[in-house]
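For the sequence shown, this note's numbering gives the first residue as 1, with consecutive numbering after it. Beta carbons are placed, not taken as given, at the ideal position from N, Cα and C, and that holds for glycine. None of these values were measured; they are calculated from a predicted model. These notes concern the structure reproduced below.
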Amino acid sequence: MKIKLDYNISEPLKVGNLAIFGVSSPTNGTEQYLCLPEALDKNLVEIREVSEEGSVNDLSLHNHSSKGLLCVEGEMLSGCKQQRVLNTSVLVSPFTKITIPVSCVEAGRWSWKSNRFSSTEEMYFAKGRANMRDSVFYHSRNYGSKYSNQNKVWEDVDEKLNKMDAYSKTSSVNQAYFSKK
Numbered sequence: 001m002k003i004k005l006d007y008n009i010s011e012p013l014k015v016g017n018l019a020i021f022g023v024s025s026p027t028n029g030t031e032q033y034l035c036l037p038e039a040l041d042k043n044l045v046e047i048r049e050v051s052e053e054g055s056v057n058d059l060s061l062h063n064h065s066s067k068g069l070l071c072v073e074g075e076m077l078s079g080c081k082q083q084r085v086l087n088t089s090v091l092v093s094p095f096t097k098i099t100i101p102v103s104c105v106e107a108g109r110w111s112w113k114s115n116r117f118s119s120t121e122e123m124y125f126a127k128g129r130a131n132m133r134d135s136v137f138y139h140s141r142n143y144g145s146k147y148s149n150q151n152k153v154w155e156d157v158d159e160k161l162n163k164m165d166a167y168s169k170t171s172s173v174n175q176a177y178f179s180k181k
């Protein structure tokens with residue numbers, strides 16, 4: 001997928017080991033996009049398993065909207081064969097179908113719950129996101145993919161469930177937000 005970028009990037013402002021770049025656009029800023037939860041609620045996007053068999057680390061996303069779609073790293077999706085979390089942020093062009101990289105945050109289920117994903121109100125928790133981001137960065141640099149270390153994701157989910165004193169028979173991270181033992 002190629003996205004035309006029409007932006008100006010300033011020289012960096014450096015403070016210690018931090019560099020900040022200003023980003024501006026020569027256009028008038030009328031480009032509109034939808035956020036993933038809004039698009040899912042309005043049925044303007046479909047997210048499904050990539051096939052009947054499914055793939056733990058990939059989902060199929062079809063943007064049916066005339067607007068771009070912003071999918072943010074850490075957004076969680078519920079449905080299909082297991083709950084997932086987005087590995088990286090993606091801006092999807094209008095009327096485009098792509099495969100998106102995800103991680104499983106429900107280790108104990110691999111069975112159909114629905115044929116489409118829906119959004120959850122929760123974002124993946126901070127420590128889990130940081131660890132996932134590190135492994136996605138590693139895989140991106142070394143293998144050219146946006147996959148995470150799935151075993152580490154499951155370890156982080158288990159740790160979160162234990163810390164929150166929450167129980168889930170499928171090891172779903174959602175239980176850390178909603179229920180207690």
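Quick one: what's got a C-beta closer than 7 angstroms to residue i's C-beta in the same chain, skipping five residues either side?
i, result
"Y177", "E122"
"T96", "N63"
"K113", "G79 and C80"
"S168", "L161 and Q175"
"K127", "D156"
"V90", "C71 and I100"
"M1", "No answer about M1 holds up, because its pLDDT of 43 lies below 50 and its placement is not dependable."
Please name the residue or residues paired with residue i in a DSSP beta bridge.
i, result
"L44", "DSSP, once it has assigned bridges, lists no residue as partnering L44."
"N8", "S24"
"Y33", "G68"
"E106", "S172"
"S118", "S78"
"E49", "L59"
"A189", "Nothing in the structure corresponds to residue 189, since the chain is present only between 1 and 181."
"M123", "E75"
Taking the Cβ atom as the reference point for each residue, do residue i and residue j lie within a distance shorter than 9 angstroms?
i, j, result
"S119", "L40", "yes"
"T99", "L61", "yes"
"V92", "N174", "no"
"P37", "K67", "no"
"V157", "S140", "no"
"S24", "V45", "no"
"I47", "L77", "yes"
"V72", "C35", "yes"
"N131", "K163", "no"
"Y147", "N87", "yes"
"N57", "P101", "yes"
Closer than 6 angstroms by C-beta to residue i: which residues in its own chain qualify, once you throw out the five before and the five after it? Chain order, please.
i, result
"G54", "K81"
"N43", "none"
"T170", "E106, G108 and R109"
"A19", "P12"
"Q32", "K67"
CB-CB under 8 angstroms to residue i, same chain, minus the five flanking residues each way: which ones, in chain order?
i, result
"E203", "It is not possible to answer for residue 203, since the shown part of the chain is limited to 1 through 181."
On the premise that residue j lies in contact with residue i, defined as a C-beta separation below 8 angstroms, what is that separation, rounded to the nearest angstrom?
i, j, result
"V129", "G74", "Here residue 129 is Arg; the residue named in the question, Val, does not match the sequence. Indeed they touch by this definition, with Cβ atoms about 5 angstroms apart."
"S111", "Q150", "Contact doesn't hold; Cβ gap of about 18 angstroms is too wide."
Inside the stretch 57-100 only - beta strand (DSSP E) runs reaching at least 3 residues: Fully enclosed beta strand (DSSP E) runs of 3 or longer: 58-63, 68-71, 75-79, 84-86 and 90-92.
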